[in-house]
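*Asks:*
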Amino acid sequence: MAIWWGATTSMGIATAIFLVVVLGVMEVSLSFDNAVVNASVLKEMDEKWQQLFLTVGILIAVFGMRLVFPIVIVAVATGLGAIDVMSMALNNPDEYSRHLMESHAGIAAFGGMFLLLVFLSFMFDNEKDVHWIHAIEERMSAMGKLDVISVLLALIMLFLLQEFLPISDETRLTVLVAGLAGVVLYIAVSSLDVFFEDEAEGEAVVKSVKRNGLAGFLYLEVLDASFSFDGVIGAFAITKDVVIIMLGLAIGAMFVRSLTVHLVHKGTLDEYIYLEHGAHYGIGALAFIMLFSIHYHIPEVITGLIGVTFIVLSIVSSLRHKKKLLAEA
1 MAIWWGATTS MGIATAIFLV VVLGVMEVSL SFDNAVVNAS VLKEMDEKWQ
51 QLFLTVGILI AVFGMRLVFP IVIVAVATGL GAIDVMSMAL NNPDEYSRHL
101 MESHAGIAAF GGMFLLLVFL SFMFDNEKDV HWIHAIEERM SAMGKLDVIS
151 VLLALIMLFL LQEFLPISDE TRLTVLVAGL AGVVLYIAVS SLDVFFEDEA
201 EGEAVVKSVK RNGLAGFLYL EVLDASFSFD GVIGAFAITK DVVIIMLGLA
251 IGAMFVRSLT VHLVHKGTLD EYIYLEHGAH YGIGALAFIM LFSIHYHIPE
301 VITGLIGVTF IVLSIVSSLR HKKKLLAEA
């Protein structure tokens with residue numbers, strides 16, 4: 001399709017293919033840690049929900065979050081209809097990009113707060129018995145006995161940001177409302193498991209259902225959406241052509257899904273015990289980057305490299321741990 005689009009526009013085939021490849025690589029680098037966290041949840045879901053995630057989920061990820069969602073954002077911001085916004089995206093991409101960039105503060109606050117809670121909930125999990133950076137994680141895990149600590153710290157972070165960032169009063173309100181929406185959505189998705197609780201079975205059933213059914217599916221889709229925000233915004237720094245953006249990000253999104261399946265089927269998370277930790281540190285870094293990007297520009301290459309660096313370091317640590325166990329055996 002990139003060849004056809006390049007041939008039918010002034011862009012040219014070579015440029016179209018190059019931009020699609022660049023965008024695909026950018027999406028993969030930004031979402032590598034997303035694939036690892038996806039795998040950690042997906043491996044505990046039953047086959048029906050796994051198939052749903054890999055079929056319906058990929059349609060939502062590619063067309064919903066990377067094409068339809070930006071159009072909805074611009075439509076809400078401008079008051080125009082969806083058809084008019086689509087026409088703007090194709091015929092006046094500079095104006096479409098400008099409207100999308102003007103919505104960046106709210107998007108970053110929403111996605112940043114959701115990802116921050118994903119990171120904090122992992123770090124403050126008092127049932128987590130495998131620690132990568134012991135000095136930090138053991139203390140934070142112990143503090144996790146206080147159930148609300150993740151939400152409390154996230155809210156403090158949100159209030160500090162909207163209070164001290166050098167932004168307009170209108171943007172402060174946008175950041176506050178969008179950030180609170182991200183917190184509420186995380187709590188809602190994480191709490192769906194209570195509807196499946198079996199008093200006779202207790203906590204174990206709740207935890208299992210959370211990752212085996214609707215709650216786990218919704219959690220993964222919202223997580224993917226939060227990652228996609230950064231990719232969509234960053235893509236406009238590379239090209240304003242929405243068709244090329246959709247193609248590039250779609251290729252990246254499908255690669256991430258394929259990587260998720262590979263990690264699940266190969267049992268990679270069991271083999272590399274710190275891989276999930278590295279992914280969550282990457283998510284934490286991305287959350288802070290998104291939140292501070294409300295005012296400060298942070299290049300996408302830095303965002304991608306930080307996530308990949310945490311993944312690589314966690315793999316190296318896992319290999320060292322495995323080597324140590326073999327030496328002691």
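Reminder that position 245 of the sequence shown reads as 245 in the UniProt record's numbering, one-by-one numbering, no gaps. Note that the Cβ used here is the ideal one computed from N, Cα and C, for glycine as well. Predicted model, so just to flag it, every value in this text is computed and none were measured.
#1: With 16 as the cutoff for other CB atoms within 10 Å, does R66 come out buried or exposed?
#2: Restricting to runs no shorter than 4 residues, where is the alpha helix (DSSP H) found entirely within the region 137-165?
#3: On the criterion of 16 or more Cβ atoms from any shown chain inside 10 Å, does Y296 qualify as buried, or is it exposed?
#4: Restricting to Cα atoms, I'd like to know which of W132, A35 and A109 is closest to G179.
#5: Can you check whether the CB of I298 is closer than 8 Å to the CB of F292?
#6: So the candidates are L313, H134, I244 and F32; which of them puts its Cα closest to the Cα of D224?
#7: Do V222 and L185 have their C-beta atoms within less than 8 Å of each other?
#8: Using a threshold of 8 Å, state whether the C-beta atoms of V151 and I187 are closer than that.
#9: For W49, does the three-state DSSP call read helix, strand or coil?
#10: Just to confirm my understanding: we take G216, look at its own chain, exclude 5 residues before and 5 after, and list those with CB closer than 7 Å. What are they?
#11: Which same chain residues end up closer than 6 Å to G112 when comparing Cβ atoms and leaving out the 5 residues on each side of it in sequence?
#12: Would you identify the three-state DSSP class for L120, choosing helix, strand or coil?
#13: Specify the secondary structure class of Y281 as computed by DSSP and reduced to three states.
#14: To the nearest angstrom, how far is it from the Cα of L161 to the Cα of I167?
#15: Quick check: the Cα distance between S208 and A39, rounded to an integer number of angstroms?
#16: Looking at L153: is its Cβ nearer than 8 Å to the Cβ of L120?
#17: How is the alpha helix (DSSP H) around T271 delimited, first residue to last?
#18: Grouping DSSP H, G and I as helix and E and B as strand, with all else coil, what is K324?
#19: Give me the residue from S190, A75, G231 and P93 with the minimum Cα distance to F114.
#20: Quick one: Cα of R172 to Cα of A105, how far?
#21: In angstroms with no decimal places, state the Cα-to-Cα distance between Y274 and A250.
#22: Per DSSP, what kind of secondary structure is G202 in: helix, strand or coil?
#23: Check whether the region 264-274 touches the region 88-108, counting contact only when three or more Cβ pairs, one atom from each stretch, lie closer than 8 Å.
#24: For a quick check, are the C-beta atoms of F255 and V28 less than 8 Å apart?
#25: From F124 to F164, what distance separates their C-alpha atoms?
#26: State the Cα-Cα distance for the pair L236 and D84, rounded to the nearest angstrom.
#27: Within 8 Å, do at least three Cβ pairs link the region 53-66 to the region 301-316?
#28: Rounded to whole angstroms, what is the Cα-Cα separation between residue 341 and K43?
#29: Relative to the C-alpha of I60, which residue among L19, L100 and L220 is closest?
#30: Taking V22 as the reference, which of I3, E47, L247 and G79 has the closest Cα?
*Replies:* According to the data block:
#1: Residue numbering aside, residue 66 sits at position 66 when the sequence shown is read from its first letter. By the 10 Å Cβ count, R66 comes out buried.
#2: Counting only runs of 4 or more, we get 149-164.
#3: On the sequence shown, position 296 is the one that residue 296 refers to. Around the beta carbon of Y296, fewer than 16 other beta carbons sit within 10 angstroms, so the residue counts as exposed.
#4: Within the sequence shown, the letter at position 179 stands for residue 179. Nearest of W132, A35 and A109 to G179, Cα basis: A109.
#5: For the purposes of this step, residue 292 is taken as residue 292 along the sequence shown, with counting starting at 1. For the purposes of this step, residue 298 is taken as residue 298 along the sequence shown, with counting starting at 1. It is a contact, given that the beta carbons lie within the stated cut-off.
#6: In the sequence shown, counting from the first residue as 1, residue 224 sits at position 224. Answer by Cα proximity: F32.
#7: Position 222 of the sequence shown, counting from 1, holds the residue named residue 222. Position 185 of the sequence shown, counting from 1, holds the residue named residue 185. Yes.
#8: Translated into positions along the sequence shown, residue 151 becomes position 151. Translated into positions along the sequence shown, residue 187 becomes position 187. Yes.
#9: The count along the sequence shown starts at 1 and reaches residue 49 at position 49. Secondary structure of W49 (DSSP, three-state): helix.
#10: Taking the sequence shown and counting its residues from 1, one reaches residue 216 at position 216. So the list reads V41, M45, W49 and K210, once near-sequence residues are dropped.
#11: The sequence position of residue 112 within the sequence shown is 112, counting from 1. Answer for G112: A287, M290 and L291, listed in chain order.
#12: On the sequence shown, residue 120 is found 120 positions in, with the first residue counted as 1. For L120, the secondary structure class from DSSP, reduced to helix, strand or coil, is helix.
#13: The residue you call residue 281 lines up with position 281 of the sequence shown. DSSP, read as helix, strand or coil, puts Y281 in helix.
#14: As a working note, residue 161 is residue 161 in the sequence shown. As a working note, residue 167 is residue 167 in the sequence shown. When the Cα atoms are used, L161 and I167 turn out to be separated by approximately 10 Å.
#15: For this step, residue 208 is matched to residue 208 along the sequence shown. For this step, residue 39 is matched to residue 39 along the sequence shown. At S208, the pLDDT of 49 sits below 50, so the modelled position is not reliable and the matter cannot be decided from this model.
#16: Here the question's residue 153 lines up with position 153 in the sequence shown. Here the question's residue 120 lines up with position 120 in the sequence shown. The Cβ atoms of L153 and L120 lie closer than 8 Å to each other.
#17: Position 271 of the sequence shown, counted from the first residue, corresponds to residue 271. Sequence check: residue 271 is Glu here, not Thr. Judged by DSSP secondary structure, E271 falls within the alpha helix (DSSP H) whose first and last residues are T268 to E271.
#18: In the sequence shown, the residue the question calls residue 324 occupies position 324. When secondary structure is reduced to three states using DSSP, K324 falls in the helix class.
#19: Here residue 114 refers to the residue found at position 114 when the sequence shown is read from its first residue. For F114, the nearest C-alpha among the options comes from S190.
#20: Here residue 172 refers to the residue found at position 172 of the sequence shown. Here residue 105 refers to the residue found at position 105 of the sequence shown. Rounded to whole angstroms, R172 and A105 show a C-alpha spacing of 9 Å.
#21: As a working mapping, residue 274 is identified with position 274 in the sequence shown. As a working mapping, residue 250 is identified with position 250 in the sequence shown. Cα-Cα distance, rounded: 29 Å.
#22: Sequence index remark: in the sequence shown, residue 202 carries index 202 (1-based). Because G202 sits at a pLDDT of 48, beneath the cut-off of 50, its placement in the model cannot be relied upon, and the following sentence gives the value as read from the coordinates. In this structure, G202 counts as coil in the three-state DSSP scheme.
#23: No: fewer than three Cβ pairs fall under 8 Å.
#24: Here residue 255 refers to the residue found at position 255 when the sequence shown is read from its first residue. Here residue 28 refers to the residue found at position 28 when the sequence shown is read from its first residue. Cβ distance < 8 Å, so F255 and V28 count as in contact.
#25: Your numbering for residue 124 matches position 124 in the sequence shown. Your numbering for residue 164 matches position 164 in the sequence shown. Going from the Cα of F124 to the Cα of F164 covers about 26 Å.
#26: Translated into positions along the sequence shown, residue 236 becomes position 236. Translated into positions along the sequence shown, residue 84 becomes position 84. Going by the sequence as given, residue 236 is Phe instead of Leu. Taking the straight line from one Cα to the other gives about 20 Å.
#27: At 8 Å Cβ cutoff, the stretches do not touch.
#28: Nothing in the structure corresponds to residue 341, since the chain is present only between 1 and 329.
#29: By 1-based counting over the sequence shown, the position of residue 60 is 60. Of L19, L100 and L220, the residue nearest in Cα terms is L220.
#30: As a working mapping, residue 22 is identified with position 22 in the sequence shown. Closest by alpha carbon: L247.
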